[in-house]
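Enquirer: Mind having a look at this structure? Questions to follow.
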Amino acid sequence: MRIRVANESDYAQLRNIYLESRRKNFHWADIEEMTLEDFDNHTVDEYIILAEEDNHILGFASLYLPDNFIHNLFVHPDFFGKGVGGLLLDASIEKMNKPLRLKCVSDNQKAMKFYENKGWKKVVEEGHSGEKYWVMIYE
1 MRIRVANESD YAQLRNIYLE SRRKNFHWAD IEEMTLEDFD NHTVDEYIIL
51 AEEDNHILGF ASLYLPDNFI HNLFVHPDFF GKGVGGLLLD ASIEKMNKPL
101 RLKCVSDNQK AMKFYENKGW KKVVEEGHSG EKYWVMIYE
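If you're matching positions, the sequence shown starts at 1 in full-length UniProt numbering and goes up one per residue.
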């Protein structure tokens, strides 16, 4: 498995991963409102890295470099639990300066546990009912 910077020719696969992963895991969200175009709208001005193996994209992270902020980290559902997320997180940490930040939806218990196991700390819970998230920091 290798990590590399995404280019525009990767976007079709990245759109699918973003949509499929959210539809499968975001049980708190309205999956009917999710579209392929969400990827483009949610990654404007972001640096995108991806994990691939045998020319198949397994997952990606989108980073907002000016704020040392991990905006998105998604793995294709077929590759959950295979170390893809950890590699993407490590590569994201290497690319930016500490402290790094991210937001994790409070209802996403799997992701919360993943980040905490990797050394991230909860700072504050924000948002309103039904849309709460934790701001997390890595120092």
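By construction, the Cβ of each residue, glycine as well, lies at the ideal position given by its N, Cα and C atoms.
Give the single residue among K118, T43, A111, L14 whose Cα lies nearest to the Cα of E52.
Expert: The option with the nearest alpha carbon to E52 is L14.
Enquirer: Report the CB separation of E126 from Y133 in whole angstroms; it is logged as a contact under 8 Å.
Expert: That belief holds up - the Cβ atoms of E126 and Y133 are roughly 6 Å apart, short of 8 Å.
Enquirer: State the beta-bridge partners of E126 as determined by DSSP.
Expert: Answer is Y133, bridged to E126.
Enquirer: State the start and end residues of the unbroken alpha helix (DSSP H) segment that holds H76.
Expert: No alpha helix (DSSP H) holds H76; DSSP gives it neither H nor E.
Enquirer: Report all residues from its chain with a CB closer than 6 Å to the CB of K98; omit the five preceding and five following residues, and keep chain order.
Expert: Result list for K98: E139, in chain order.
Enquirer: Figure out for me which residue from K103, A111, N72 has the closest Cα to the Cα of T43.
Expert: Comparing Cα positions, the closest option is N72.
Enquirer: Quick one: what's got a C-beta closer than 6 Å to K24's C-beta in the same chain, skipping five residues either side?
Expert: Taken in chain order, the residues that qualify are P77.
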